[in-house]
Structures are given as structure tokens and as C-alpha cells.
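Each remark here refers to the structure printed beneath this line.
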Amino acid sequence: METLGKKIRESRNGKGLSQKKLAELLGIQYQSVQDWERDKTKPSTGKIPKLCEILDVSSTWLLSTKGAKYPEEKQISILKSSVQYGLQQESRRCLKLFEKLRPEPQKIVIKLMEALIKGNR
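Residue numbers (my numbering): 5 to 125.
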């Protein structure tokens, strides 16, 4: 099971933010972010909405084992974009599944797809 700290770390890394930058955006000391990611402490209730906004994740996903990782608005925007660009149903399904992955597995999928495409030439 993913801990709150692991979710924060992975989401922060996925956005390309350092602990220091995340702390700066939240108006806190970077040691607080370190403590969250080590599961030593948890963010205060007041910091959760801003943290989710910065990391672009849903609070339900961040704070529990349930819920979609991305806010509903982002999921809807992904679907609208896929329709707008003429992606077929199977391609949209792949995109939705891909968006549910954490950053590291996303990188693996991209490398696998690149290798498959290279092999098809």
C-alpha cells in the first residue's frame, strides 16, 4: 500500500518539483516536506487543498486508498482532448489507463512503446 509520504514524493517528482520548491509554493519550510515524505508527519488540513492543486492530484486519492488520482476536471479535459484530436476509442482507453499510472511506470510504458515502434520499422 502506498503511504501518504510516498504519494507526495512521487507526485512531486512527477511535476519536476524539488522539496524546496514545493515548500516555497506552500509557504512552509522544506523540512516539513521531507518529514511528510518520510511519513514522520502529515500535512495540516489547511495545506491539503493547496498541496493537491500544486501536485494536480485529487484529495481523495492523496488521503485514502480510494478515488481517482487526478481531479475530475483533469480527467474530463484528457477525454475532451482525445476526442478533439480524433483518437479512436481504444486510443482514448489507453490514454485513460496511462494517466492512472505513477510517473515511473509511465516512463517504462513510453520506453516499451518506443521499442515496439522501432521494431516495427
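Virtual Cβ for every residue (Gly too), placed ideally from N, Cα, C.
Excluding the 5 residues flanking it on each side, residue 107 has same chain C-beta neighbours closer than 7 angstroms at 14, 17 and 18, in chain order. For residue 37, the enclosing alpha helix (DSSP H) has its first and last residue at 34 to 41. Straight across, the Cα-Cα distance linking residue 26 with residue 58 is about 8 angstroms. Across the structure, residue 45 and residue 32 are spaced so that their CA atoms are roughly 14 angstroms apart. If you draw a 10 Å sphere on the C-beta of residue 6, you find fewer than 16 other C-beta atoms in it, and that means exposed. Residue 106 carries a coil assignment under DSSP once its states are collapsed to helix, strand and coil.
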